[in-house]
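Data block below; observations after.
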Amino acid sequence: MYAAMLSKRLTPSSSRRNFLVVSAAGAGALVIGFALGEEAHAEEAANGSKAGAGPKAPPMPDAFIHIAPDDSVTVLIKHLDMGQGVTTGLTTIVAEELDADWSQMRAEFAPANAKLYNNLAFGPMQGTGGSTSVANSWDQLRSAAAAARAMLVAAAAEEWKVSASEIAVHKGRLSHRSGKSGSFGQFAEKATHMPLPADVTLKDPDKFELIGAKTPRIDSNEKTTGKAIYAQDIRRPGMLTAVIARPPRFGGIVKSFDADGAKAVKGFVDAIAIPQGVAVLAENTWAAIQARDALKVQWDESKAERRSTAAMLDEYKNLAATPGAPAMKKGDADAVLAKCAKTIEAEFTFPYLAHAPMEPLNCTVERTVEGCDIWAGSQSQTVEQSIAAAILRLRPDQVQIHTLWAGGSFGRRSTPNADYIAEAATILKASGGKRPIHLVWTREDDITGGRYRPMFYHSVRAGLDSSGKLLAWRHRLVGQSFIIGTPMEGGLAKDGVDLTAVQGIVDMPYAIPNMQVDWRNATSPVTTLWWRSVGHTHTAHAVEVMIDELAQAANKDPLSFRLALLEEHPRHAAVLKLAAEKAGYGTKLPRGKGRGLALHESFHTIVAMVVDVSVTGSTVKVDRVVAALDCGIAVNPDVIKAQIESGVGFGLGAALRGKITLSDGLVDQANFDTYEPLRLSDMPAVDVHIVKSNQSPTGVGEPGVPPIAPAVSNAIFAATGKRLRSLPFDFELLKSG
Amino acid sequence: MKLLVNETEHDLDVAPDMPLLWALRDFVGLTGTKFGCGKGVCGACVVHIDGKAVRSCLMPVSSVSGKRISTIEGVSGKVADAVQTAWRRLDVVQCGYCQSGQIMSAIALLNGKSKPTDADIENVMDGNLCRCATYVRIRAAIHEASRVLG
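Sequence lines, in order, name chains X and Y. Heads up: the first sequence at position 634 corresponds to 634 in our numbering, and the numbers run straight through without jumps. Heads up: the second sequence at position 22 corresponds to 1022 in our numbering, and the numbers run straight through without jumps.
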């Protein structure tokens, strides 16, 4: 599913396989789309896909660009916008290549269709993740927009009886030196009769006007007025709200239940046992929550997790005593370590983490004459479509997915088994399908409900020669895989190794002649999942803290120590140097303050951070983060900056206090009071610098997360001489002598 | 039960202990006020009651009958305009789900103190969580709105 986030870099050729299709939608609009593969698909696209085209479907669900007679240009967004700003990004790409005016641009979410809206980075499926949205759409949307532009020009040339080469396009206007001019809308209908260009010439990046400039976010207006519609806001006639009484321990199942108390709640409708627990249906949300509180459920916990996280961590440490599956080997790390002048050994532990997007998971499902409608912040549209269809015994094309703004995800909405959408479909079916179901997770369901970033234990040993040169690195990880034993194993595991667990270590840019990495799986009924930046959430921390320790052991400055190891990676070195320069690295800081740095590549984007902290006793304040990144061409620099700010805050919250723990199998945290994310007063100043580049763009949704925790840890060391290795930081360690 | 929301009176048949949040969302039909925690710890549900910022997820609807309730859909005036304009100018929003609550808290803050210090902003806005961590821009937008208001 997410193979691309590991190694595959998109090349232009991967999207040239697609060919353009064109068609006229109603009311004389020009519609441009792509089809993948076989001619049959192209024909379907050209004639209007029947798949999923319900009565409320947009006019041409197979298209990317819709130019209407009123001059509006609508971009169909195949990805989920969960705050990362992809709606603005993809629309900017189209506007640029079309030479449109920003004010005429609109965006709509595309319906589910794996053929038309395949994610070219990890398809065949429609889905969002691995920071691939802009990267996999870049060539696709530029080509589509360039073709649309060429056809508008051809239409104007025919009408004006001039050569197409004499027509200029700027800010949504076509013009000719004779004085003739017209808008896109004027030529939209005629353009549909123009031949589709066999090849298109894309703009020289030096000529970009919108890409690289500040374009206002498309969603700012509706999200500042309460008008933006999320799945949580869908209200359908006759709709019931459903909440699920879930097993208190992972792996528990319903034995029996007593709904007498629930029946006394005004608005209660029904309680139904489903595989996930007991679904409580009511006329409104409050009644559903009250009725669930009054429900008595007996659980069969014979297969449930009853351990505490402390005991689980002990097991991880025991597992680490013996070798795991080899993830990479270069030279002979063990032999060289035995002879190194100096060796450093360190262990790092990482807790379970909940994603806790601000919008608790929810969706609405409704039976229709044609099949079923689903409203959701859908992150894997065609997976969710297929799974809901299977549950409801429909064909996938009978399930219409309405993707809405998502109130955050951070990985949580991207589940291979469609998770909460499958639950809603199950409840719809179990309740007879007569009334639409709005399934709502409460915050407690969310925090205690699993799908956590796995716990991890790292044991690392590295060695230097007498001159301080890094010779060998031995790294063993133990953690619970959400890949092994699932259908994703084919793409995301190799030789028994979960590639998402070791990413960021096996491909680190530092020149180390002898290296060995292995990984051991730990199992539990606790469910786990990718969490914004996946394996990099822990691997970057272990690597970048370790590198700092090695620099110290070598008696070298952490910046020059890193740069010496990056001679073969000039892009990485350039990013690190830029961050250091902008941060004024090397200036002396007052007592009690410290400066630390970290560098990490994830999802093909390289980010460096230089962090300043103030330490008073055991209290640490993160004052400032200076970040530099290389993400190829910066489509929307301000959105990129916002994503780095967001990554800093998300990662810092986890580093300062994020943890999910279990006592006798019961989750100790339940809401934002006990699982407390970063608050405003914790947020440092963030200064972001983007390396100028002409390379194709790479993702920015996740890469801001990995470097923050190690940079803070390294800054705390600089201030105090104490290493806080494990996450979240144990500030008590700053007290001891 | 009568509720005065955004200058419009609504007559609702709801349990008196139902939190105002659910009365607004499920009965009045105003969904701009968001459910985030249900426990008064995230601020996504902040509305104004007689001009004061209140967490609607903890407020029984019976206790606000007859009071003036403003939600993100109806909030207006110089301060509200300045805050929403600053939010747009700085492109504060990301996922946007918490932003109704952020904006309602920020308006109440500026109504009470037109020139808030960083410490004032932290005191009030620490009650509003944002998982996208748009905090740098929230702080900047409040200062910007304050400047515009003069």
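C-beta atoms are modelled at their ideal positions from N, C-alpha and C, and glycine is treated no differently.
Per DSSP, the bridge partner or partners of X:I387: As a first step, residue 387 of chain X is located in the first sequence; it is residue number 387 there, counting from the start. DSSP output for X:I387 lists no bridge partner at all.
Proximal residues, the segment 256-278 of chain X versus chain Y, C-beta separation under 7 Å: K266
Every unbroken alpha helix (DSSP H) within the segment 197-270 of chain X, with a cutoff of 4 residues, ordered by chain: 220-223 and 260-263
Segment limits, beta strand (DSSP E) that includes Y:M1104: As a first step, residue 1104 of chain Y is located in the second sequence; it is residue number 104 there, counting from the start. That residue, Y:M1104, is in no beta strand (DSSP E); its alpha helix (DSSP H) goes Q1099 to G1112.
Which of helix, strand or coil DSSP assigns to X:Q669: Reading the first sequence from its first residue, position 669 is the one you call residue 669 of chain X. Of the three classes helix, strand and coil, the one that applies to X:Q669 here is coil, per DSSP.
DSSP three-state assignment for X:Y585, whether helix, strand or coil: Locating residue 585 of chain X in the first sequence gives position 585, where the first residue counts as 1. Coil at X:Y585, not helix or strand.
Sheet register partners of X:M683 (DSSP bridge): For this step, residue 683 of chain X is matched to residue 683 along the first sequence. Per DSSP, none; premise fails for X:M683.
X:H355 beta carbon near the ligand ADP (any heavy atom closer than 7 Å): Of the ligands one can find in the structure shown there are none, so the ligand ADP has no counterpart to examine.
Rounded C-alpha distance that separates Y:G1101 from X:I253: Sequence index remark: in the second sequence, residue 1101 of chain Y carries index 101 (1-based). Sequence index remark: in the first sequence, residue 253 of chain X carries index 253 (1-based). Each residue's alpha carbon lies about 37 Å from the other.
CA-to-CA distance, X:I234 to Y:A1080, given in whole angstroms: The count along the second sequence starts at 1 and reaches residue 1080 of chain Y at position 80. The count along the first sequence starts at 1 and reaches residue 234 of chain X at position 234. Those two C-alpha atoms are separated by around 26 Å.
Buried or exposed (CB count within 10 angstroms, at least 16 for buried), Y:P1116: Taking the second sequence and counting its residues from 1, one reaches residue 1116 of chain Y at position 116. Y:P1116 is buried by the Cβ-count criterion.
Cutoff 8 Å: X:W375 Cβ touching any chain Y Cβ: Counted from its first residue, the first sequence places residue 375 of chain X at position 375. No, X:W375 does not count as interfacial toward chain Y.
Under 9 Å from the C-beta of X:N514: neighbouring residues of chain Y: Here the question's residue 514 of chain X lines up with position 514 in the first sequence. Simply none; closest approach about 39 Å.
Nearest residue (CA-CA) to X:L152, options X:I93, X:E549, X:Q398 and X:R173: Taking the first sequence and counting its residues from 1, the one referred to as residue 152 of chain X is at position 152. Checking every option, the nearest Cα to that of X:L152 belongs to X:R173.
Interface flag, X:T285 vs chain Y, CB-CB below 8 Å: As a first step, residue 285 of chain X is located in the first sequence; it is residue number 285 there, counting from the start. X:T285 counts as touching chain Y.
For X:F348, the residue or residues it bridges with in DSSP: The residue you call residue 348 of chain X lines up with position 348 of the first sequence. Answer is X:H458.
Contacting positions in the segment 213-226 of chain X - beta carbon closer than 7 Å to chain Y: P216, R217, D219, S220, N221, K223, T224, T225 and G226
Near-chain X residues of the segment 1025-1049 of chain Y - C-beta to any C-beta below 8 Å: R1025, D1026, F1027, G1029, L1030, T1031, G1032, T1033, K1034, F1035, G1036, C1037, G1038, K1039, V1041, C1042 and A1044
Assumed close pair X:E359, X:G407 - CB separation to whole angstroms, cut-off 8 Å: The residue labelled residue 359 of chain X in the question sits at position 359 within the first sequence. The residue labelled residue 407 of chain X in the question sits at position 407 within the first sequence. Rounded, the Cβ-Cβ distance is 2 Å, consistent with contact.
Short Cβ contact (8 Å threshold) for X:E283 with Y:V1136: Walking along the first sequence from the start, residue 283 of chain X turns up at place 283. Walking along the second sequence from the start, residue 1136 of chain Y turns up at place 136. For X:E283 and Y:V1136, no; Cβs fall outside 8 Å.
Neighbouring residues, chain Y, relative to X:W102 (Cβ below 9 Å): Position 102 of the first sequence, counting from 1, holds the residue named residue 102 of chain X. Simply none; closest approach about 14 Å.
With 16 other Cβ atoms within 10 Å as the buried cut-off, status of X:K588: Against the first sequence, residue 588 of chain X aligns to sequence position 588. It is exposed - the Cβ of X:K588 has fewer than 16 other Cβ atoms within 10 Å.
C-beta neighbour in chain C for X:A356, strict 8 Å: Any reference to chain C falls outside this structure, whose protein chains are X and Y.
Environment of X:K220 [buried if 16+ CB atoms lie within 10 Å]: Stepping through the first sequence from its first residue, residue 220 of chain X is reached at position 220. The residue asked about is misnamed: residue 220 of chain X is Ser in this sequence, not Lys. When all chains shown are included, X:S220 counts as buried.
Continuous beta strand (DSSP E) stretch holding X:V440: start and end: Within the first sequence, the letter at position 440 stands for residue 440 of chain X. Unbroken beta strand (DSSP E) run through X:V440: I437 to V440.
CB contact check: X:G648 to chain Y, cutoff 8 Å: The residue labelled residue 648 of chain X in the question sits at position 648 within the first sequence. Per the sequence shown, residue 648 of chain X should be read as Val rather than Gly. Output row for X:V648: interface = yes.
Exposure of X:A685, with buried meaning 16 or more beta-carbon neighbours within 10 Å: In the first sequence, residue 685 of chain X corresponds to position 685, counting from 1. Exposed.
Contact check, X:Q398 vs X:E370, beta carbons under 8 Å: Position 398 of the first sequence, counted from the start, is the residue given in the question as residue 398 of chain X. Position 370 of the first sequence, counted from the start, is the residue given in the question as residue 370 of chain X. Cβ distance < 8 Å, so X:Q398 and X:E370 count as in contact.
CB contact check: Y:A1080 to chain X, cutoff 8 Å: Indexing the second sequence from 1 puts residue 1080 of chain Y at position 80. With 8 Å as the cut-off, Y:A1080 does not count as an interface residue toward chain X.
N- and C-terminal bounds of the alpha helix (DSSP H) containing X:N136: Here residue 136 of chain X refers to the residue found at position 136 when the first sequence is read from its first residue. Note, X:N136: alpha helix (DSSP H), S133 to W160.
Helix, strand or coil at Y:V1014 according to DSSP, with G and I counted as helix: Residue 1014 of chain Y sits at position 14 when you count from the first residue of the second sequence. Of the three classes helix, strand and coil, the one that applies to Y:V1014 here is coil, per DSSP.
Contact residues within the segment 1085-1101 of chain Y, judged by C-beta distance below 7 Å to chain X: W1087, R1088, D1091, V1093, Q1094, C1095, G1096, Y1097, C1098, Q1099 and S1100
Residues near Y:S1105 in its chain [Cβ-Cβ closer than 7 Å; skip 5 each side]: Position 105 of the second sequence holds residue 1105 of chain Y. Cβ within range, chain order: G1043, V1046, A1053, V1124, M1125, G1127 and N1128.
For X:M60, three-class secondary structure by DSSP: For the purposes of this step, residue 60 of chain X is taken as residue 60 along the first sequence, with counting starting at 1. For X:M60, the predicted structure reports a pLDDT of 30, less than 50, and the residue's modelled location is therefore unreliable. The matter cannot be settled from this model.
CA-to-CA distance, X:L656 to Y:I1072, given in whole angstroms: Within the second sequence, residue 1072 of chain Y is the residue found at index 72, counting from 1. Within the first sequence, residue 656 of chain X is the residue found at index 656, counting from 1. Near 32 Å, if we compare the C-alpha coordinates of X:L656 and Y:I1072.
Within chain X, partners of Y:I1103 - CB distance below 7 Å: In the second sequence, residue 1103 of chain Y corresponds to position 103, counting from 1. Those within 7 Å of Y:I1103 in chain X are T224.
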